[in-house]
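Accompanying notes for the structure given below.
In the numbering used here, the protein residues as written are 1496 to 1834.
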């Protein structure tokens, strides 16, 4: 298994200062290539990256945690894709928006919340329920954390558990992801994110402002995970077992699930075309802090990429183009490996 171009691209990200460091894993059948390069921290003092530390994976929380829990509830029959969310969210009145709309980011929910990051958890909860449905509803995919915050509250309404506790019980524990957590007990085991003017060095505490306010009731961000635990998750997603979701839903994830089936979006995951050995889709998702996962179940190939691109300062927009180029390199190289 040779992924020399992909690994060289990762090394360049660190060498050129686009990210402080990277922890990665490339899976190809039963073979794995793993590596770490660079630093976990640059300021206030340099610290080299260590093996299998906890990363704030940001929006990977959506697909590693919230999506499996929601699909499990659908599989059990207590929820359907066409259920209006107003059935579960007291205070939300627009009956057009369904579970499918939230999962595929086609809800069109929009609006502005003044002083959003300064609100209490209850105030933010109430404010989010005052948002409205805009003109993109049912027509366009517009990525928004609100969709997955609402999904988390719906899970809570059904199970009685805050979404993060439900993820622990239904995903992390059953899969043996024993290092991953929403509440790290030792900040020094965590790769730091931003050196903030208001919060100081953010380490062992979630970077995302909404998740920091909502705590255990946030389904859009908040998970801290190690590379090895995410490799375990990916292996299950490529397997023929029914964990963390059924094999039927694993197949459904590889199809466009938006209402018009033309937005390259599945349940939570984005779709990316793969041409070899026959045209099909892989799935991928990223996190604001500098993380992403690509999974191609048909070819039994995947990549886990963990960085803290928001350290020492967010947003570091240069990372986005470099990340997309890296994914393109990986997809090309993995297809060549499959030939």
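Backbone N, C-alpha and C define an ideal beta-carbon position, used for all residues, glycine too. Bear in mind that the values here come from a model prediction, so they are computed numbers and not experimental data.
Look at residue 1534 here: in three-state DSSP terms it is strand. Assignment of residue 1670 by DSSP, reduced to helix, strand and coil, places it in the helix class. For the options 1798, 1538, 1701, the alpha carbon positioned closest to that of residue 1728 is the one of 1798. In chain order, 1742 place their CB closer than 8 Å to the CB of residue 1736, counting only its own chain and leaving out the 5 sequence neighbours on each side. In this structure residue 1535 is buried. Its beta-carbon is surrounded by 16 or more other beta-carbon atoms within 10 angstroms. Between the region 1799–1817 and the region 1712–1727, the count of Cβ pairs shorter than 8 Å is three or higher; the stretches touch. Contact between residue 1702 and residue 1523 does not hold, since their C-beta atoms are separated by about 31 Å, which reaches or exceeds 8 Å.
Taking C-beta separations shorter than 8 Å and ignoring five residues to either side along the sequence, the partners of residue 1654 in its chain run 1568, 1661, following chain order.
Counting only the Cα atoms, residue 1714 lies some 31 Å from residue 1533. Residue 1633 is positioned such that its CB atom lies no closer than 8 Å to that of residue 1543. Closest option to residue 1825, judged by alpha-carbon separation, among 1685, 1805, 1769: 1769. It is roughly 11 Å from the alpha-carbon of residue 1547 to the alpha-carbon of residue 1517.
Counting only residues of its own chain and dropping the five nearest sequence neighbours on each side, residue 1767 has a CB closer than 6 Å to the CB of 1777, 1779. In the DSSP assignment, residue 1729 falls outside any beta strand (DSSP E) and lies within the alpha helix (DSSP H) extending over 1722–1732. Between residue 1688 and residue 1636 a beta carbon distance of about 27 Å is seen, past the 8 Å cut, so the two are scored as non-contacting.
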